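Following: one structure in structure tokens, then a few remarks.
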Amino acid sequence: MTLVRLALRFQRTGVIAMSALGAIGVIVNALGFAQIVGDSPADRAAFAAQMELLGKQLSYLLPVPSRLDTLAGYLEWRWFGSVGLLFSFWALVSATGAGRGDEERGFVETWLASSVGRLRYVAARVAGFALAAALALAALAIATWIGAQLAKEAIAVGPLVLESVSLFGLALASYAIALFIAQLVTTRRGALGVGGVVLLALYFVDAAARVSDPSLLTRLSPFWYQEQNRPLLGEGLDPAATLAMFAFALVFIVLAAVAFERRDLGSPLVRGRTSSGQRITRPARNPLWRLPVLAPIWQQRVWIAGWAAGLAVVAYFIVSLTKTIVDSMASGPPLMRLYLERAGLSGYSAFVGVIWFSILILLLSLYTVAQVAGWSADDAEGRLATILSAPVPRARVVLERIAALLLGCALVVAVSSVAAYFAATGQAIDLDVPGFALASALILTVVFALGAAGHLLAAWRPRVAVIAISAIAVWSYFLQQLAPLFGWPDVVKNASLYALYGTPMSEVNWAGITTLVGIGIVGTVSSLWAMQTRDVGA
Amino acid sequence: MTEAIQTQGLTKDYGSGRGIFALDLTVNEGEVFGFLGPNGAGKTTTIRLLMGMIHPTSGSGRIFGLDVDADAVTVKRRVGYCPGELPQWGGWRGAEVVAYVAGLRGDVTDDEVGRIAERLDLDLARKYREYSHGNKQKLALVLAFMARPKLVILDEPTSGLDPLHQQAFYGLVRDARSGGATVFLSSHVLSEVEHVCDRIAIVRDGKLVTVSTLDQLAGIRAYRIEIDFADGVPAERLRAVPGFELISSNGQRATGMLRGNFEPLMAAVAGHRITGLVSREPSLEEVFLTYYSDSAAPTVGQR
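Chains as they are written, first to last, in our numbering: chain A, 1 to 538; chain B, 1001 to 1303.
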């Protein structure tokens, strides 16, 4: 029990963050619904029809909507349709921490040395996450009920409980998959990368099933099983799908436990040769190790290649679906065509411009958050002290990190843009290539702004940098989503980094881009100051 | 003789009595200087101040006449550094870590790296995470010595090294000194400084206790005495001996520490039948401990 308590303690930040994120999201969405749905049944029906058009357009991201004239239907689609992915991401971070991160920090060795069996360790960590997830989901359910009260709408408690059970199954399955993957790789960073790709692939497998028939592959996605449950619509739980999610979780937990039992600490389950066998006493000959900016890029080559490959797949997937989605919407009623025009989605090229870049910006933010985490870890793990023990000005460290971030992102964006171009060509979509290239290049301004702000935080308060920069990204996302919904003024809308980027393929917001560059410059200059005045390792 | 390191009132105050306070220290060029103290005494804080990693609360430090804080980059062109807490390089190979840091320094030859790695028997082909603690320490030493710096600052450098490689390390230090370099090393292992240091400073609770040569330090040594009496221990007479501290009296054996002259002790036991007497010169370890024990060693009856 002590071990479970310890495991639960490791989840404190996650529980608080997920509870807060879930609660804020659901309450804001409930209030937003109350504001825009209208009072009369006719208004509600019109609203539902309009939103269903939007829902179909977003069906590769969110479940197909239903009963949008009710708060329950709206929340089921608008919030509970995406919150599963958030819980899955939390599970990924948590499982890789338990499966690798704590091992890297020596905690696992300490526990195992104090007569804790390996199976017991795995069981305790799973139980710790399960309890934490249950707490966060309880908070989400309570917040949903409060949101409904504030919106003066009715949501029954029973369906809310069932919704929580469904999300719990998905979170646990995601945790189990990531925990198993953590046994197969050597580092937490590797586990995060591989686990992220696998979970994202499973998510897109589910998304693909929304616009085509489910395949055998679909049955391997816990996201698909979770989506079969729509309890807020009064449909209850699909017993087979729910059972499948928990079965997934059980199988992968057992596999992870067996793998952990069999492998050596600090090693993956299948271990390659530790070295070429040839003894070396000279420095590495590759000149890239000695060059500014390129050295960190070369050191992260596998990580960057993984991101580039992953984003290329996502780009190809989205662009490949473009024609199907736009054609189906354009062949709909006149209202739908009008909506497409107003949303700037009337052509294939414009559709790619809006949808692809809105996804790319989110994923590049994730990449930037990971880099900020690395900068904080440089400090905590002593690498920064070693770098600064060389005759290197602190300013160079700041500028080199930001330059490496931009260069890494540029490589990722270039590869994924090429994939998007080939997908467009394959689909006979007449892509506005100069506009696409410009939009791809301008997205680096968002990375610059976010990265510079992240570096300032990493230099000023390294321990809170990751949480703070993640909060800025989440804030930017919500603000961009909610500002149009509530009709907030531009000044509020522009407090989102993503809104400042806008939709450059249709119209470049040069003022916004200039602001992003300005934020980047101010952040960088402030970072230089913070880095110069701070104590290393403090 | 010029100063390699000079501090004046160097202070880093972390609050609650933690840190280093008003440190006045001079390390001459070409000497090997030991910086001793127990855990938490302020050794690492001092070294991090000298390396410009942290900023002083007050006072100043100079290396070769340059301010360690304001001229940190210039200072480090002449300094090699081995941190007390080893950095984590994860999946990097040793050769990659060396190449990366050599690239940052720009004044490292591959031959010198090879010479030190051979001497320490370190295989740079292996990944950092596969290294034992001792091998990680060796890599840190390679990074510290590879630029042939004029000053080497080492924070507990032999931690994790086996005796064979400790000897190799001492050899590196002696070679550096014979090449004209200054070595500043912190330690809580006194045998280590006995091997290589010319002078020693002792710090305790963030304050400098003393700076002395090894010979001067030996002058304040105490002797551990064990006397076996045929007729029982004359405890009262022993307690009255000036400079003698009776640690234990177990039946017929008396154990104590003697500082100063032997004559009063010999006179005190002259009328007793003695079946055994052992006088052992204490190691620096024991001398060192006398500096750090707040109260005297337990006396008879306290055990």
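Each residue gets a CB set at the ideal place from its N, CA and C atoms; glycine is no exception.
Fair warning: this is a prediction, and the values are worked out from it, not measured in the lab.
Range of the contiguous alpha helix (DSSP H) that encloses A/GLN299: 294-299
Rounded C-alpha distance that separates A/LEU112 from A/VAL122: 11 Å
Alpha-carbon to alpha-carbon, B/LEU1143 and B/VAL1193: 21 Å
A/GLY234 to A/VAL398 span [Cα, whole Å]: 54 Å
Sequence-distant residues of the same chain with beta carbon closer than 6 Å to B/GLY979, five excluded per side: Only positions 1001 to 1303 of chain B appear in the structure, and residue 979 of chain B is not among them; the question remains open.
Inter-stretch contact at 8 Å, needing at least 3 Cβ pairs: the segment 364-373 of chain A / the segment 246-265 of chain A: no
A/ILE16 to A/GLU109 span [Cα, whole Å]: 28 Å
8 Å Cβ cutoff, B/PRO1083 in contact with chain A: yes
A/ARG118 at chain B interface by Cβ criterion, 8 Å: no
B/ASN1028 - DSSP class collapsed to helix/strand/coil: strand
Segment contact, 8 Å Cβ cut-off, at least three pairs: the segment 315-328 of chain A with the segment 347-359 of chain A: yes
C-alpha gap between A/LEU255 and A/ARG271, whole angstroms: 17 Å
Test item: CB-CB of A/ILE584 and A/VAL126 under 8 Å: For chain A, the structure presents residues 1 to 538; residue 584 of chain A sits outside this window and is missing.
The segment 1100-1118 of chain B: positions lying closer than 9 Å to chain A by Cβ: TYR1100, VAL1101, ALA1102, GLY1103, LEU1104, ARG1105, GLY1106, ASP1107, VAL1108, ASP1110, ASP1111, VAL1113, GLY1114, ARG1115, ILE1116, ALA1117 and GLU1118
Proximal residues, the segment 379-402 of chain A versus chain B, C-beta separation under 7 Å: GLU381, GLY382, ARG383, ALA385, THR386, ILE387, LEU388, SER389, ALA390, PRO391, VAL392 and PRO393
Chain B residues whose Cβ lies nearer than 9 Å to that of A/TRP460: The contacting residues do not exist; A/TRP460 stays about 15 Å from chain B at best.
Residue-level contact to chain B via CB, A/GLY236, 8 Å cutoff: no
Nearest candidate by alpha-carbon position, reference A/PRO292, set B/GLY1034, B/TYR1100 and B/ALA1022: B/TYR1100
Residues that B/ASN1250 bridges to, as DSSP identifies them: B/ARG1253
Candidates A/VAL415, A/ALA380, A/PHE10 and A/VAL354, of which the one nearest A/GLY502 by Cα: A/VAL354
Collapsed DSSP secondary structure at B/GLY1080 in the structure displayed: strand
Own chain, CB closer than 7 Å to A/ALA495, minus 5 neighbours either side, in chain order: LEU479
Option nearest A/TYR348 by Cα separation, candidates A/ALA473, A/ALA428 and A/VAL447: A/ALA428
Element boundaries [beta strand (DSSP E), containing B/LEU1208]: 1207-1213
CB-CB length for B/ASP1198 against B/GLU1031, believed under 8 Å: 4 Å
Same chain, Cβ closer than 7 Å to A/SER166, five either side skipped, listed in chain order: GLN226, ASN229, PRO231, LEU237 and THR242
Among B/GLY1059, B/ALA1176, B/GLY1243 and B/VAL1075, nearest to A/PRO393 - alpha-carbon criterion: B/VAL1075
Contact the segment 1117-1132 of chain B vs the segment 1044-1055 of chain B: 3+ CB pairs below 8 Å: no
Chain-ordered neighbours of B/VAL1073 on chain A, where CB pairs are closer than 8 Å: PRO391, VAL392 and PRO393
For B/LYS1127: DSSP bridge partner residues: B/ARG1093
Amino acids of chain A, ordered along the chain, whose beta-carbon sits closer than 7 Å to that of B/LYS1076: SER389, ALA390 and PRO391
Unbroken stretches of the alpha helix (DSSP H), 4 residues or longer, contained in the segment 167-207 of chain A: none
Endpoints, beta strand (DSSP E) assigned at B/ALA1201: 1199-1204
Chain-ordered chain A contacts of B/LEU1023 [CB-CB under 7 Å]: Ordered by position in chain A, no residue passes the 7 Å Cβ test against B/LEU1023, which lies about 17 Å from the chain.
Other residues of its chain near A/GLY539: CB distance less than 7 Å, five sequence neighbours each side excluded: Nothing about residue 539 of chain A can be read from this structure; chain A reaches only from 1 to 538.
Beta-carbon neighbours of B/PRO1163, restricted to chain A and to distances below 9 Å: Going along chain A, no residue has its Cβ under 9 Å from B/PRO1163, so there is no contact; the nearest lies around 22 Å.
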